[in-house]
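Asker: Here you go, one structure.
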Amino acid sequence: MSIDIEATINERIKKSPFFSIQVDESTDVSDLPILLAIVRYLNVNELEENLLLCYPLTKRCTGEGIFNAIQGYFCENEIDWAKCCGVCTDDGKSMFGYYKDLRGRIKIVAPHVACSHCCIHRQSLAEKPLPDSLKEVLNQSVKVVNFIKLNSTNTRLFKSLCRDMGSLHTTLLLYTEVKFICFLKTTLLRRALNFMKVNDCSSLRTYLTFFQK
Numbered sequence: 773m774s775i776d777i778e779a780t781i782n783e784r785i786k787k788s789p790f791f792s793i794q795v796d797e798s799t800d801v802s803d804l805p806i807l808l809a810i811v812r813y814l815n816v817n818e819l820e821e822n823l824l825l826c827y828p829l830t831k832r833c834t835g836e837g838i839f840n841a842i843q844g845y846f847c848e849n850e851i852d853w854a855k856c857c858g859v860c861t862d863d864g865k866s867m868f869g870y871y872k873d874l875r876g877r878i879k880i881v882a883p884h885v886a887c888s889h890c891c892i893h894r895q896s897l898a899e900k901p902l903p904d905s906l907k908e909v910l911n912q913s914v915k916v917v918n919f920i921k922l923n924s925t926n927t928r929l930f931k932s933l934c935r936d937m938g939s940l941h942t943t944l945l946l947y948t949e950v951k952f953i954c955f956l957k958t959t960l961l962r963r964a965l966n967f968m969k970v971n972d973c974s975s976l977r978t979y980l981t982f983f984q985k
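Heads up, the sequence shown is in the working numbering, so the first residue is 773 and it goes up one at a time.
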């Protein structure tokens, strides 16, 4: 089944007039670096987004190694770089260089490709010069989310709390401008704060008091 799905996605990419990819490299629980590539393409009249590549990097995680993995997949599946209109990465040295890293190597085979920086990381960078009062709110929000996401037990308890309260949502939303969260959906944050109170997280007491006003 997975082979059929992969073949279908690759066929749609070939038929699309253009496509873009987002590339990231992470490490699993066994310390094995994994290369992930997400592709966005036009299927008939709708944009679709799918996982294109999940590839273990058994050697050094360099720009050359990452590019060779992507290039090998493109060649194997006859995906044309000429149709690639954009590549999005983080600002890691192996990703966002100018000559030897991934960005530079892609520019050699596809000079027309527009390289961009992940918008989530841009939001993180934009947070750094904020006044201390605003930065503290964001920092405490991160602590709240991290506490609930710390382990599966906390996540299950939070989901159970949301269900008991009749909420339509049972998982945390990403509180950033990238998601364009509407005001009403932020009520889920208050449920998160209730969860923190039940678990006696004293370090967030000031933050909890602020949101109960």
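Where is the CB? At the ideal position from N, CA and C, for every residue including glycine.
(1) What would DSSP say about T902, mapped onto helix, strand or coil?
(2) So if DSSP puts F791 in a beta bridge, which residue, or which two residues, is it bridged to?
(3) Enumerate in chain order the residues of its own chain whose CB-to-CB distance from S792 is below 6 Å, with the five nearest sequence positions on each side excluded.
(4) Per DSSP, which one or two residues make a beta bridge with E818?
(5) For S788 and N815, which I take to be in contact (beta-carbon distance under 8 Å), what is that distance rounded to the nearest angstrom?
(6) Using alpha carbons as the reference points, say which of F967, D904 and C847 lies closest to R935.
(7) Mind checking whether L940 and V917 have CB atoms under 7 Å apart?
(8) Considering only DSSP beta bridges, list what T834 is partnered with.
(9) Give a yes or no on whether the C-beta atoms belonging to L807 and A841 are separated by under 7 Å.
(10) Let's see if you can read the secondary structure: which residues bound the alpha helix (DSSP H) around S924?
(11) Considering just the uninterrupted stretch of the beta strand (DSSP E) at H889, what are its terminal residues?
(12) Hey, how far is the Cα of A809 from the Cα of Q794?
(13) Residues in its own chain within less than 6 Å of I781 by CB, not counting five upstream and five downstream?
(14) Do you know offhand how far V881's Cα is from V909's?
(15) Exposed or buried, which one is R832 when buried takes at least 16 other CB atoms within 10 Å?
Answerer: Concretely, from the data shown:
(1) Per the sequence presented here, residue 902 reads as Leu, with Thr not at that position. L902: coil per DSSP, three-state reduction.
(2) Y813 and C856
(3) So the qualifying residues of the chain are R812, C857 and G858.
(4) N815
(5) 7 Å
(6) F967
(7) no
(8) The partner list for T834 (beta bridge, DSSP) is empty, contrary to what the question assumes.
(9) yes
(10) First-last of the alpha helix (DSSP H) with S924: S924 to D936.
(11) A886 to H889
(12) 6 Å
(13) N822
(14) Their Cα atoms are separated by approximately 44 Å.
(15) exposed
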